[in-house]
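A short worksheet on the structure shown next.
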Amino acid sequence: MSANGRPLIEARGVTRILPGVVPTTLVHDIDLKIGHNEFVAVTGPSGSGKSSLLYLLGVLDMSTEGEVLIRGKSTGHMSEEERAATRLSELGFVFQFHFLLPEFSALDNIVLPMRALGRLSREEMRERAAGLLDSLGLAEHQNKRPDQLSGGQRQRVAVARSLANDPPLILADEPTGSLDSKASEQVFQILRNLVDRQSKTVVAVTHDLGLAERMDRRVQLMDGGIVSDSALNQ
Amino acid sequence: MNLVLDVAWTHVRSRARQTFVAVAGVATGVGFSIMMAALMQGSQDDFIRQLVNALPHITVSDERRVPPEQPAETAFEAAHMYGLTPETRRRGIKNPLATMASFEAWLPGGVAPSVRVQGIIRYASRDVGTSIFGIDPTRELKVSDLAKQMRQGTLRSLYTATNAIILGDRLAEKIGAKIGANITIQTSEGARITAQVVGLFHAGVRSVDEGTAYVLVRAAQILAQQTGLVNELRVRVADPMSAREISSRIESETGYKSVSWQEAHEDLLSTFVIRNVIMYTIVGAILLVASFGTYNIISTITHEKARDIAIMKSLGLNERTVRAMFVVEALIIGFAGGLIGFMLGYLLCLALGSIEFKSPFMDTNRIPLAYSAWHYSIAMLVALASSLAAGFMPARKAARANPVDIIRGAT
Chain A
96 MSANGRPLIE ARGVTRILPG VVPTTLVHDI DLKIGHNEFV AVTGPSGSGK SSLLYLLGVL
156 DMSTEGEVLI RGKSTGHMSE EERAATRLSE LGFVFQFHFL LPEFSALDNI VLPMRALGRL
216 SREEMRERAA GLLDSLGLAE HQNKRPDQLS GGQRQRVAVA RSLANDPPLI LADEPTGSLD
276 SKASEQVFQI LRNLVDRQSK TVVAVTHDLG LAERMDRRVQ LMDGGIVSDS ALNQ
Chain B
174 MNLVLDVAWT HVRSRARQTF VAVAGVATGV GFSIMMAALM QGSQDDFIRQ LVNALPHITV
234 SDERRVPPEQ PAETAFEAAH MYGLTPETRR RGIKNPLATM ASFEAWLPGG VAPSVRVQGI
294 IRYASRDVGT SIFGIDPTRE LKVSDLAKQM RQGTLRSLYT ATNAIILGDR LAEKIGAKIG
354 ANITIQTSEG ARITAQVVGL FHAGVRSVDE GTAYVLVRAA QILAQQTGLV NELRVRVADP
414 MSAREISSRI ESETGYKSVS WQEAHEDLLS TFVIRNVIMY TIVGAILLVA SFGTYNIIST
474 ITHEKARDIA IMKSLGLNER TVRAMFVVEA LIIGFAGGLI GFMLGYLLCL ALGSIEFKSP
534 FMDTNRIPLA YSAWHYSIAM LVALASSLAA GFMPARKAAR ANPVDIIRGA T
C-alpha cells in the first residue's frame with residue numbers, strides 16, 4: 096500500500112465475459128489490491144484466467160462487471176484516449192514473446208513510448224534509453240534490430256521498453272516462458288531488482304511455480320477466480 | 174522526425190517491393206491522367222484558338238434580334254393585323270464612324286467597319302456562293318488575324334488593282350483561280366464586277382477558307398449597290414473570353430445584333446462540356462483504379478502489422494495515433510506516386526508531342542498538347558485524396574482492433 100493506504104492498483108468485483116453464441120467467462124468476481132513495491136506472481140493452470148486478469152489490470156481489456164482502479168482512480172469510465180494515456184505513464188508491459196517492433200533498433204524500440212508521451216527532449220530520450228539498455232547489460236546492442244538479438248536479449252530489451260516512461264507498475268505475462276533457464280534467471284533478477292532497488296511493483300503471470308515461490312506474493316487462479324492469495328493467507 | 178511519420182516511413186520503406194507496386198500504380202494513374210488532360214485540353218485550346226482567330230471576336234450587324242414594330246402596330250390597338258407590308262428601312266449601321274468612335278472610348282480592343290455581301294464567284298465555268306467582305310486593310314489589322322493568315326499576297330495587295338480580291342485558299346482551289354486571275358462576282362442585287370485575285374488566305378476553318386473573300390469597302394458597296402453602306406462592325410477584344418459580355422453591352426447600347434465568337438460557335442463549344450465530362454470521368458476512373466492498389470497495400474500492411482498495432486496500443490499509443498500512422502503511409506504512397514506520375518506524365522506528353530503525322534482535318538502536323546500546372550495539381554490532389562480514402566478505411570479498422578485479441582492470437 097502507499098503511504099496514504101491506497102493501493103497502487105485494485106480490482107473490485109471484476110468479471111470479464113466474452114460475448115458470443117456461448118458466452119465465455121474469463122474471470123469472475125476478482126477482488127485484488129496490489130500496493131507499491133510488491134512483487135506478485137499470478138499462477139494457475141492454463142485457461143484459469145491469469146493473462147485475462149493481467150490485461151484487465153493493464154486496462155488493455157475492459158471488465159464486463161466491476162472496475163479496476165489505478166491509484167484510486169476508476170478506469171471504468173475512461174475514454175480510449177484516457178486509458179491509452181494511463182498505460183503510457185502508469186504501466187509497463189512485458190509479454191512472453193518480446194513483441195518488439197522488428198524494423199526498429201533496440202534503442203528506437205525503447206524510445207518509442209517516450210516519444211508517444213513526449214515529456215523528454217530527443218537527446219534526453221536517447222540518453223535514457225541507452226542508460227536502460229546499459230543497466231540491463233545490452234549497451235553494445237542498442238543499434239541492433241530484434242532479429243539480430245538472442246531470445247534473452249530481446250526479452251531484456253522488452254523489459255527496458257516497459258521501463259521507458261518510468262511507470263510504477265510492470266505487468267509481465269510469462270516473461271520467462273520462452274527463454275532457456277539461464278536467460279530466464281537473468282530476466283527474473285532484473286524484475287527482482289526493479290522491486291528491490293527501484294521500488295517498482297511487478298505483477299508477473301507465470302507457470303513456473305519455482306519462480307513464483309521466489310516472488311513476494313502469490314495469487315493463484317482457478318477457473319477464472321482467485322483461489323488463494325499469499326498476502327491474505329498470512 | 175515526428176513519431177507518426179517515422180513509423181509510417183519505416184513501414185513503407187521496409188516493404189520496398191509492395192510499396193513500389195503501390196507507388197507505380199498511383200504514378201501510372203497520375204501520369205496517364207496528366208497526359209489525357211494535356212491531350213484533351215491541348216486539342217480543345219487549339220480548336221478554340223482557330224475559331225477565335227478565324228473571325229473577329231464580335232460581329233455587330235445591322236440586324237435586330239427582335240424585328241422592329243410596324244407603324245400600324247403602334248398606331249392601332251388590335252388583337253392581330255393581317256396583310257401589313259413591312260416598312261422598308263435603309264440597310265446598314267447608322268453613323269458607323271460615330272458608332273465606332275463610341276466603342277473605342279470604352280472597349281478594350283479594336284473596331285473595324287465592313288460591308289458583307291452574299292455573292293457568286295464565277296471562274297472557269299464554276300460558280301461558288303461566297304460571303305464577300307468589304308474591309309479597310311489598315312483597320313482590319315486591329316480586328317483579325319487575316320494579315321497573318323495570308324498565304325500569298327498581303328492585305329495591302331487590295332490596293333494594287335481597281336477591283337482586287339483576296340480569296341480563301343480552298344475557295345481558290347475549288348474554282349481553280351490563282352494569283353492574277355480575273356474572276357467575276359455577281360450579287361443578288363444585280364451588281365456584277367470583275368475582280369483580280371491578289372491574295373490567298375488560310376484561316377484553318379474549312380467553312381471560312383471555302384466560302385469567304387475580301388475586297389475593299391468601296392468595292393463591296395458597289396456590289397451591295399449602296400454607297401456609304403457599312404453593315405457590319407468587326408470587333409477584336411484584348412481577352413477573347415470576355416467577348417460574350419462585351420457583345421451584350423454593345424447590343425444593349427446600340428440595339429444592333431451583336432454576336433460574339435462564343436455565340437457564333439455555341440453548338441461546337443457545348444460539345445466541349447460533354448468532352449470535358451468524359452475526360453474527367455476517364456481521369457477519375459484511372460485514379461480510382463490506382464487507389465485500389467493503395468487500398469490493397471495499406472490493407473496488407475495493417476494485416477501484417479496487426480501484432481505491432483496491438484503492441485503499440487499496449488504501450489499506450491491511442492487509436493488516433495495508430496490510425497494516423499497508416500493514413501500517413503497511404504499519403505506517402507500517394508505523394509510519391511504523384512511525384513513519379515508528374516515525371517511520367519511529362520515524358521508521355523513529350524513523347525506524344527514528338528509524333529509527326531499528316532491529318533486532312535488539322536493544319537498542324539503534331540498533336541496539340543496543353544502543359545498546365547492545373548493538370549498536375551488536380552492529378553496530385555486526386556491521387557492524395559484517393560490514397561487518403563484508400564488508407565483511411567483499413568487504418569481505422571486496424572486502430573480499432575482490440576489488442577488483447579491480437580496478443581492472444583500471437584501467443
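Protein chains in written order, with my numbering: chain A, 96 to 329; chain B, 174 to 584.
For each residue, glycine too, the CB sits at the ideal point set by N, CA and C.
With distances taken between CB atoms, is the gap from residue i to residue j smaller than 8 Å?
i: Ile231 of chain B; j: Ser431 of chain B; result: yes
i: Ala483 of chain B; j: Ile580 of chain B; result: yes
i: Gln325 of chain B; j: Ile352 of chain B; result: yes
i: Val300 of chain A; j: Glu269 of chain A; result: yes
i: Thr427 of chain B; j: Thr272 of chain B; result: yes
i: Gly457 of chain B; j: Phe499 of chain B; result: no
i: Thr192 of chain B; j: Ile470 of chain B; result: yes
i: Val410 of chain B; j: Pro269 of chain B; result: no
i: Gly204 of chain B; j: Leu542 of chain B; result: no
i: Lys435 of chain B; j: Ala416 of chain B; result: Going by the sequence as given, residue 435 of chain B is Gln instead of Lys. A contact, by the Cβ cut-off of 8 Å.
i: Ala224 of chain A; j: Ala259 of chain A; result: yes
Terminal residues of the continuous alpha helix (DSSP H) containing residue i?
i: Asn204 of chain A; result: Ala201 to Leu212
i: Leu289 of chain A; result: Ser276 to Gln293
i: Ala509 of chain B; result: Glu492 to Gly526
i: Pro567 of chain B; result: Ala546 to Arg573
i: Gln322 of chain B; result: Leu319 to Gln322
i: Gln435 of chain B; result: Trp434 to Ala437
i: Ala255 of chain A; result: Gly246 to Ser257
i: Ser372 of chain B; result: Checking the displayed sequence, the identity of residue 372 of chain B turns out to be Gly instead of Ser. Element bounds for Gly372 of chain B: not the alpha helix (DSSP H) but the beta strand (DSSP E), Arg365 to Phe374.
i: Glu162 of chain A; result: Not the alpha helix (DSSP H): Glu162 of chain A falls in the beta strand (DSSP E), residues Glu160 to Ile165.
i: Ala158 of chain B; result: The structure shown does not extend to residue 158 of chain B, since chain B is modelled only from 174 to 584, so the question has no answer here.
i: Ala225 of chain A; result: Arg217 to Ser230
Let's test the definition: count the other Cβ atoms within 10 Å of the Cβ of residue i and tell me whether it reaches 16, buried, or not, exposed.
i: Val118 of chain B; result: Any question about residue 118 of chain B goes unanswered here, given that chain B covers just 174 to 584.
i: Ala98 of chain A; result: The pLDDT assigned to Ala98 of chain A is 49, lower than 50, so where the model puts this residue is not dependable; a value taken from the coordinates is nonetheless given after this. Exposed, since its Cβ has fewer than 16 Cβ neighbours within 10 Å.
i: Asn491 of chain B; result: buried
i: Leu520 of chain B; result: exposed
i: Val233 of chain A; result: The question names Val, yet the displayed sequence has Leu at residue 233 of chain A. By the neighbour-count rule (16 or more Cβ atoms within 10 Å), Leu233 of chain A is buried.
i: Ile447 of chain B; result: exposed
i: Ile451 of chain B; result: exposed
i: Ala376 of chain B; result: buried
i: Phe249 of chain B; result: exposed
i: Val180 of chain B; result: buried
i: Arg186 of chain B; result: exposed
i: Ile339 of chain B; result: buried
Tell me where the beta strand (DSSP E) around residue i begins and ends.
i: Thr232 of chain B; result: Ile231 to Ser234
i: Lys128 of chain A; result: Thr119 to Ile129
i: Ile265 of chain A; result: Leu264 to Asp268
i: Met273 of chain B; result: From DSSP, Met273 of chain B is part of no beta strand (DSSP E) but of the alpha helix (DSSP H) over Pro269 to Trp279.
i: Tyr332 of chain B; result: Taken as a continuous stretch (DSSP letters only), Tyr332 of chain B belongs to no beta strand (DSSP E), as it is neither H nor E.
i: Ala299 of chain A; result: Thr296 to Val300
Go ahead and pull the three-state DSSP assignment for residue i.
i: Arg107 of chain A; result: strand
i: Ile540 of chain B; result: coil
i: Ala337 of chain B; result: strand
i: Ser97 of chain A; result: Note that Ser97 of chain A has pLDDT 49, beneath the 50 cutoff, so the model's placement of it is unreliable and the number below is only indicative. Of the three classes helix, strand and coil, the one that applies to Ser97 of chain A here is coil, per DSSP.
i: Tyr429 of chain B; result: coil
i: Tyr387 of chain B; result: strand
i: Lys478 of chain B; result: coil
i: Gly187 of chain A; result: strand
i: Phe194 of chain A; result: coil
i: Tyr296 of chain B; result: strand
i: Pro576 of chain B; result: helix
i: Asn355 of chain B; result: strand
i: Gly261 of chain A; result: Rather than Gly, the amino acid found at residue 261 of chain A in this sequence is Asp. Note: Asp261 of chain A maps to coil in three-state DSSP.
i: Asp324 of chain A; result: strand
i: Val116 of chain A; result: coil
i: Arg312 of chain A; result: strand
i: Arg409 of chain B; result: strand
i: Pro102 of chain A; result: coil
Give the residues from the stretch 564-582 of chain B that approach chain A closer than 8 Å (Cβ to any Cβ), ordered along the chain. Asn575, Pro576, Val577, Ile580 and Arg581
Against chain B, which members of the stretch 198-209 of chain A pass a CB distance test of less than 8 Å? Glu198, Phe199, Leu207 and Pro208
Given a limit of 7 Å on CB to CB distance, which residues of the stretch 430-458 of chain B reach chain A? none
Along the stretch 286-313 of chain A, where does the CB come closer than 7 Å to a CB of chain B? Name the residues. none
Would you list, in chain order, the members of the stretch 175-191 of chain A that have their beta-carbon closer than 8 Å to a beta-carbon of chain B? Glu175, Glu176, Ala179, Ala180, Thr181, Arg182, Leu183, Ser184, Leu186, Phe188, Phe190 and Gln191
Chain-ordered residues of the stretch 255-267 of chain A with a beta carbon less than 7 Å from chain B: none
Any residues in the stretch 150-161 of chain A with a beta carbon nearer than 8 Å to a beta carbon of chain B? Which ones, in chain order? With the criterion set as a beta carbon lying under 8 Å from some beta carbon of chain B, the members of the stretch 150-161 of chain A are Tyr150, Gly153, Leu155 and Asp156, in sequence order.
In the stretch 489-501 of chain B, which residues sit with their C-beta less than 8 Å from some C-beta in chain A, listed in chain order? Gly489, Leu490, Asn491, Glu492, Arg493 and Thr494
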